[in-house]
Amino acid sequence: MPLPTAHEALIYLMVITSASDRDMTDVELARIGEVVKSWPVFMDFDDKRLIAVAQDCQELLHEEPGLEGALELARKAIPERLHDTAYAAAFEVASVDLEMRMEEVRILQRLRHHLSVDALTIAAIERATKARHRTLT
């Protein structure tokens, strides 16, 4: 498979995170759409392609070498300066439904490893995301 664009690879990581527990909720799918429409990193991405890119990711996961291959392709396609942004996008999707299943935790661990994001950056991303999702009730 050819190397995805950086935009496609970022979407792959969000889709992989959402699908990790085999239950892509409407809330997670909506958040992927919101991230693509509102984050500056996607400013020059045609959001009408989102569904097609997500489907490409699903196909990729069913081919050899599966998850490892998809993670490696994403790592290669995303510039190193955006690895923390990639982790932030994946964590955003994992945390949006206010519960994180073990499968999502494992995927996030694998992303940290593949993207080589340092522990302090990880902690800052996770803390900021959790704070953003809190409600008064």
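Counting from 1, one number per residue, gives the positions in the sequence shown under UniProt numbering.
Every residue gets a Cβ at the ideal spot worked out from N, C-alpha and C, and that includes glycine.
Assuming residue i and residue j make a contact with CB atoms under 8 Å, what is their CB distance in whole Å?
i, j, result
"ALA74", "LEU136", "With 8 Å as the limit, ALA74 and LEU136 do not qualify as a contact, their Cβ atoms being about 36 Å apart."
"ILE78", "ALA6", "5 Å"
"ARG31", "VAL96", "4 Å"
Residue j and residue i - do their beta-carbons sit closer together than 7 Å?
i, j, result
"VAL105", "GLU28", "no"
"ASP21", "GLU103", "yes"
"ALA90", "LEU111", "yes"
Whole angstroms are fine: how far does the CA of residue j sit from the CA of residue i?
i, j, result
"ILE122", "TYR87", "8 Å"
"PRO2", "ALA70", "11 Å"
"LEU98", "GLU63", "31 Å"
"GLU68", "GLY33", "24 Å"
"ASP46", "ARG101", "31 Å"
Please confirm whether any heavy atom of the ligand COA lies closer than 6 Å to the CB of residue i.
i, result
"VAL35", "The model on display carries no ligand, and the ligand COA is accordingly not part of it."
(request) Decide yes or no for the touch test of the stretch 54-72 against the stretch 6-20: beta carbon pairs closer than 8 Å, at least 3 of them. (result) yes
(request) Report yes or no: do three or more beta-carbon pairs, one from the stretch 110-121 and one from the stretch 65-85, lie closer than 8 Å? (result) yes
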